[in-house]
Amino acid sequence: MPGAVVTQGAFLELSGISKRYAGVRALEGVDFACERGKIHAVLGENGAGKSTLIKIIAGVVQPDAGSMRLAGSDVSFATPSAANAAGVVCIFQELSLMPDLSVADNVSIASPPRRFGLIDARAQRRRAEQLLAEIGCEDVNPLMRVRDLPLSRRQIVEIAKALGKKPQLLILDEATSALTSADVEKVYAMLARLKSEGVAILYISHRMHEVEALADRASVFRNGRHIETFDKGRRSTAEIVQLMIGRDIATQYPPKPARTSVKPMLALDNLSWEGRLDRISLRVGAGEIVGLGGLDGQGQKSLLLALFGVLRGISGRVTVEDREVRPGSPAVAKSAGIALVPEDRKTEGLMLPMSISDNLVVASLDAISTGPLVDRAKESEAVKRAIARLQIKIGAASDAVSTLSGGNQQKVVLAKWLMTEPRIILLNDPTRGIDVGTKQELYRLMRELADQGAAILFYSTDYDELIGCCDRVAIMYDGRIVRELEGDELTETNIIASALNIDAAAPAGTGAVHA
Amino acid sequence: MRQRRLALGPSMLDDVAIRVRQNVGIVTAVLLFCVLYVLYNLAHPKGFSSAVLVQNGDEIFALAMLAMAQTVPVLASGLDLSVGAVMTMVGCFASYLLTGTAGGAPLHLDIFGLHLSLGTFPGGISGILLGIVVCLAIGALAGLINGCVVVYGRIQPIIATLATGAVYIGIALFLRPTPGGKIDEDLNWALTNSLGDFAATVHIFDDGAASWFAPVAWIPVPFVLLVLIALLVWVPFRRSVLGRAVYAVGSAEGAAYMSGLPIDRAKIAAFTLAGFFAGCGGLFLAIQTSSGNADIPQAGAYTLNSIASVVIGGTSLLGGTGSAIGSIFGAMILRVISFFFRIFDIAPLLQPLFEGLILLAAVSIGALGVLRVRNTLELFR
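Residue numbers (our numbering), protein chains in the order written: chain A, 1 to 515; chain B, 516 to 896.
Here's what the structure looks like:
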C-alpha cells in the first residue's frame with residue numbers, strides 16, 4: 001500500500017479490516033493508525049467507506065476480518081458502550097439525542113451523577129453547564145428539551161455529551177455540518193485544547209477548508225480502500241481531489257442527444273425553505289435531464305421534496321410550463337404533472353405487503369376507475385402494459401411487492417409514476433442499492449422519457465452517473481446551487497471541486513493544504 | 516429575542532418559564548381540575564365538607580391508580596390493555612386474603628367440581644398486612660409477565676397485553692365465578708374514610724382525639740394513600756436511572772440504544788410498575804366494595820378510562836413526555852365530570868357523550884404541534 005503510515009507510538013491501529021454489507025464491499029483490507037495529540041482527517045467521496053470505518057472503531061458494527069489495537073493491546077468492541085468504556089467516543093452524523101429529554105438529561109444519559117441511588121438533578125445540571133462552558137456555549141439552558149433547540153444547538157449538545165465521556169480517542173463524523181460559523185470557531189478551540197491534552201482525534205469532514213485549518217494529517221479513502229496517508233502540507237488540494245477520484249468501473253450510458261435550445265418546462269426562482277434551501281433558481285427544459293450533485297445533505301433531497309409538496313413554508317416561485325404552481329401536497333404536485341421517485345423505496349415508495357399490481361396502479365386510480373369503482377379489466381390492462389414497458393421481472397402481478405429484488409422494486413416505483421404520465425420527473429437517488437444491469441436499464445429509460453418530452457431532475461450521490469446521464473448538473477452546497485456544469489465542464493474533477501466548494505480548476509499547487 | 520435573553524445566563528425566571536412551557540399539559544389539567552372541583556363543591560349542598568371529600572376520594576382512587584399504571588408503559592411508547600384485568604384479578608385475590616378472620620381463614624377453591632383445600636391463610640393484623648403485600652406482589656408479577664412477553668416475545672405491547680389481560684380476567688373468573696368473598700370490616704372502614712376514622716379504628720393518636728391531630732383529621736385516607744404512593748413510588752422511579760431509561764426509550768429508542776441504556780430492562784420495569792399500580796387499584800376497589808367481583812365490563816371500562824386519563828393529564832401517547840402525576844389529575848377530571856351528573860340531575864346516559872367531548876378537546880390541544888411541522892413526511896415517522 002503506498003504511503004503506509006509510520007505506526008510507532010500509534011494509539012489506535014487497524015490492520016486488515018474488511019467489511020461487507022449483503023455482499024457489497026464497504027471496506028477491504030484497511031490498515032490505518034492514528035496518534036495521540038494529533039488531529040487526523042479522513043477524506044473520501046460518498047460511499048468511500050469512511051462511515052463504515054468509524055462505525056467499526058466505535059463498536060457500532062463488527063468487521064468481518066482484521067484486528068484492532070488500542071494503546072498497544074488488542075480490542076474488539078461489541079457495542080458503542082464498550083467502546084466508550086475504553087475511551088473511544090464518537091459523535092455521529094445522525095444525532096444520538098433523545099428529543100423529549102432535557103439537555104442536562106441527555107448530556108449525562110450514560111452515567112448520571114447519583115445521590116442515594118437516585119439521579120442528582122442539580123449535580124447533573126452543573127455538569128451540563130460545565131461541559132457546555134468548555135465548548136463556549138453557556139447560552140444553552142440545560143433545562144431546555146432537545147426537541148425545542150435548533151439543529152445547530154443540538155449538535156453542540158451532542159458534542160458536550162461526548163466530552164462528558166472523557167474521550168481518549170474522539171471521532172467527529174461531520175460533527176460541524178449544522179453548526180453556525182461562530183460555534184465552529186468554538187469547537188475548533190475545544191479540539192485544539194483536547195489535542196494539547198493528548199487526545200487522539202479523528203475528523204471526518206467534507207469541508208476542505210476545515211480540514212486545511214485543523215488537520216495535522218490526512219488519510220484518503222476510495223472504494224473501501226485506504227489509499228494514502230500524508231502529513232499536513234504534503235499534498236495540494238488538487239492532488240487530494242485526484243486521490244479521491246480514480247474510479248475503475250466503466251458503465252455504459254445511453255448517448256446524449258446534441259444540445260439544442262429547449263423550452264423550459266420547470267422553472268424555480270428564489271426557492272427557500274427553513275434555512276435548508278437558499279434562494280434556489282433553476283430551469284429544467286422539456287427533454288432535458290438535469291442532475292443535482294454535491295455532497296450528501298446539502299439540500300438536494302429537500303429541494304425535491306419541496307417541489308413535490310412535502311415541505312411547508314416555502315418561499316419563492318415554482319413555474320410549470322409558464323403557469324405558477326404552489327405544490328401544497330403530493331396530491332397537488334401529482335395533478336400538476338410532477339412525479340417523485342422517493343429516497344427510501346421501502347417506506348415512501350412502496351406498500352411492501354401489497355401486491356405488485358396494487359402498487360403499480362395506486363397513483364393513477366382515477367385513470368382506471370369508472371365512478372367510484374376500480375375497473376378490473378382496465379386495471380389488469382394497465383398493469384400488463386407497465387410491466388412490459390419496464391421489463392419488470394415478476395412471478396405473478398398478485399405477488400407481494402416485497403418479494404421482488406431491489407432493482408425490480410425500484411422499477412415498480414418508477415412504473416407507478418409513469419402511469420400518471422408526468423411532465424416532470426423527480427428522481428431521488430434512484431439507483432442506490434441496485435445491480436448494474438438494472439441501473440443501465442434505468443439510464444436508458446430516463447433518456448427515453450426525456451426524448452418523449454419529460455423534464456427530469458435527477459439527484460444522485462454517484463458522480464459517475466451524473467456525468468454519464470445528465471445534460472447539465474447543478475451542484476449544491478449548503479442549500480445553494482453553487483455551480484452549473486454543462487458539456488465539457490462536466491468532469492469528475494469539476495464536480496468534486498464544486499461539491500467541496502473549492503476552486504480546484506486552479507493550477508495544481510496554489511490550492512495546497514496550507515503548504 | 517429569546518436566544519438573547521438566554522445569553523445573559525440561565526436566570527431563575529428563565530428556568531421557571533421553561534418548566535411551565537414543558538409541562539403545559541399537566542398545568543392545564545391541574546387548573547382544569549381545580550376549576551371543575553370548586554364549581555362542583557359550590558353547587559353541592561354539602562360542598563367543601565369532609566363527607567363529600569371522603570366520598571369523592573373513594574370514587575377517585577382506583578381510577579387514579581389505573582391512570583398511573585397506564586402512564587408508565589405509555590411513556591415507553593407502549594399501551595397496556597391489561598391494567599383493568601390486573602385490577603380485577605388482584606381484587607378477587609384480595610377477597611380471599613383480606614378476610615381478617617381471627618385465627619386465619621381456610622383457603623379453598625372449587626373448580627370443575629373439584630374441592631381444593633389450600634391450607635390456612637393467617638388472620639389478624641399480621642394476616643391482613645401479609646395479604647396486602649401478597650396482593651400487590653400478584654399485581655407486580657402480572658406486570659412483570661407482560662413486560663417479559665413484550666420484550667422477549669418481541670410482541671407489540673397492545674396485542675401482548677390484550678392476550679395477557681384475557682388470561683388475568685380468566686384467573687379472576689376462576690377465583691370468583693360470582694361476586695362474593697369478604698374483606699375485613701375494620702380495614703374497609705379505616706381506609707375508606709377520613710384520617711380521624713382511620714386513627715380511631717387502629718387506635719393511634721388517642722383514637723384520633725389528640726388535639727394536634729384535629730386539624731388534619733378531616734383529610735380522606737384515599738387521598739393520603741394517593742399522595743404517599745406518588746411520593747414513595749413514582750417520584751423515586753422517575754429520578755432513577757431506570758425511570759430515565761423509560762423516558763429515553765419512548766423518546767427515541769435508537770438513540771437510547773446508542774447511548775448504552777438498558778432498553779429491555781426499562782420496558783420490563785415499565786410494565787411491572789404498571790402491574791403494581793393496577794394491583795393497588797384492585798386492592799382498594801376490593802376493600803371499598805368488601806368483595807371480589809370478576810366484572811368484565813368494569814375491567815374494560817377502567818382500562819379505557821385509564822388511557823383517557825393519561826391523555827387528559829398531558830402525556831403523549833407517542834411516549835417520552837408526561838408524568839403519572841398528570842394522569843392522576845386526568846383521572847380526577849374524568850371522575851368530577853361524573854359527579855356533576857349527580858348534582859345537576861343530568862341523565863347518566865349522557866355521561867359517555869360528555870366524557871368523549873372532553874377527551875376530544877384534550878387530544879386536540881395535544882395535536883396542535885402538528886401545525887408546526889415543516890416537513891410533512893415527519894408526520895408519518
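The C-beta atom is built at its ideal place from N, Cα and C for all residues, glycine as well.
Open item on the list: Using only CA atoms, which one of B:Asp-699, B:Ile-840, B:Asp-529 and B:Ile-858 lies nearest to B:Gly-639?
Closed with: B:Asp-699
- [ ] Please compile the residues from chain A whose C-beta is within a distance smaller than 7 Å of the C-beta of B:Ile-533.
- [x] Asn-141, Leu-143 and Met-144
Task: Through-space distance from A:Ser-18 to A:Ile-57, alpha-carbon basis - done: 12 Å
Open item on the list: Could you tell me the alpha carbon to alpha carbon distance between B:Tyr-552 and B:Leu-546, rounded to whole angstroms?
Closed with: 10 Å
Open item on the list: Please classify A:Ser-335 as buried or exposed, where buried requires at least 16 neighbouring CB atoms within 10 angstroms.
Closed with: exposed
Open item on the list: Using beta carbons (cut-off 7 Å, strictly below), is A:Ala-331 in contact with chain B?
Closed with: no
Open item on the list: Relative to the C-alpha of A:Thr-229, which candidate in A:Arg-25, A:Gly-453, A:Ala-41 and A:Arg-444 has its C-alpha closest?
Closed with: A:Ala-41
Task: Coarse secondary structure for B:Pro-730, derived from DSSP in three states - done: helix
TODO: Ignore the nearest five residues each way along the sequence and tell me which others in A:Arg-127's own chain have a CB closer than 8 Å to its CB.
DONE: Ala-104, Val-107, Ser-108, Pro-113 and Gly-164
Open item on the list: So that I know if they touch, is there some Cβ in chain A lying closer than 7 Å to that of B:Val-878?
Closed with: no
TODO: Note down, in chain order, every chain B residue with its Cβ under 9 Å from the Cβ of A:Glu-274.
DONE: Arg-889 and Asn-890
Open item on the list: Less than 7 Å between CB atoms is the rule here; does B:Gly-695 satisfy it with respect to chain A?
Closed with: no
Open item on the list: At a CB distance below 8 Å, what residues from the region 835 to 851 of chain B approach chain A? Give them in sequence order.
Closed with: Gly-835 and Thr-836
Open item on the list: At the level of alpha carbons, what is the spacing between A:Phe-308 and A:Leu-427?
Closed with: 11 Å
- [ ] Please confirm whether A:Glu-158 and A:Ile-91 have their CB atoms less than 7 Å apart.
- [x] yes
Task: Unbroken beta strand (DSSP E) run spanning A:Cys-90, endpoints - done: 88 to 91
Open item on the list: Assuming B:Leu-590 and B:Tyr-817 are in contact, meaning their beta carbons sit under 8 Å apart, how far apart are those beta carbons, in whole angstroms?
Closed with: Going by Cβ atoms, the distance from B:Leu-590 to B:Tyr-817 rounds to 19 Å, so no, they are not a contact pair.
Open item on the list: In the DSSP assignment, the alpha helix (DSSP H) including A:Arg-153 goes from what residue to what residue?
Closed with: 151 to 163
TODO: Decide if A:Asp-399 is buried, meaning its Cβ has at least 16 other Cβ atoms within 10 Å, or exposed.
DONE: exposed
TODO: Pair every Cβ in the region 324 to 339 of chain A with every Cβ in the region 409 to 426 of chain A, then say whether three or more of these pairs are closer than 8 Å.
DONE: yes
Task: Residue ranges of each beta strand (DSSP E) within the region 331 to 386 of chain A, 3 or longer - done: 338 to 341
Task: Where A:His-206 falls, given that 16 or more other Cβ within 10 Å makes a residue buried - done: buried
- [ ] Please confirm whether B:Val-666 and B:Ile-783 have their CB atoms less than 7 Å apart.
- [x] yes
Open item on the list: Under 7 Å, Cβ to Cβ, is there at least one residue of chain A near B:Ser-632?
Closed with: no
Open item on the list: For B:Gly-871, list the residues DSSP reports as bridge partners.
Closed with: BP columns for B:Gly-871 are empty, so no partner.
Open item on the list: Using C-beta distances below 8 Å, list every residue in its chain close to A:Gly-487, excluding the 5 sequence neighbours before and after it, in chain order.
Closed with: Arg-259
Open item on the list: Applying the 10 Å Cβ sphere with the 16-neighbour rule, what's the burial state of B:Val-531?
Closed with: exposed
Open item on the list: If you measure between the beta carbons of B:Arg-889 and A:Arg-312, is that distance less than 7 Å?
Closed with: yes
- [ ] Report yes or no: do the region 687 to 698 of chain B and the region 597 to 615 of chain B share at least 3 C-beta pairs separated by less than 8 Å?
- [x] yes
- [ ] Answer yes or no: does any C-beta atom of chain A fall closer than 7 Å to that of B:Ser-709?
- [x] no
Open item on the list: My parser needs the alpha helix (DSSP H) runs of 4 or more residues fully inside the region 57 to 120 of chain A; what are they?
Closed with: 80 to 85 and 103 to 107
- [ ] Would you kindly work out how many angstroms separate the C-alpha atoms of A:Leu-101 and A:Arg-145, rounded to a whole number?
- [x] 6 Å
Task: Residue interval of the beta strand (DSSP E) (run including A:Ser-315) - done: 314 to 320
- [ ] Would you mind working out which of A:Val-187, A:Glu-484, A:Arg-36 and A:Arg-115 sits nearest A:Leu-132, comparing C-alpha positions?
- [x] A:Val-187
Open item on the list: Could you pull the DSSP bridge partners for A:Arg-25 from this structure?
Closed with: A:Arg-20
Task: For A:Thr-431, the first and last residue of its enclosing beta strand (DSSP E) - done: A:Thr-431 -> no beta strand (DSSP E), and no H or E assigned at all.
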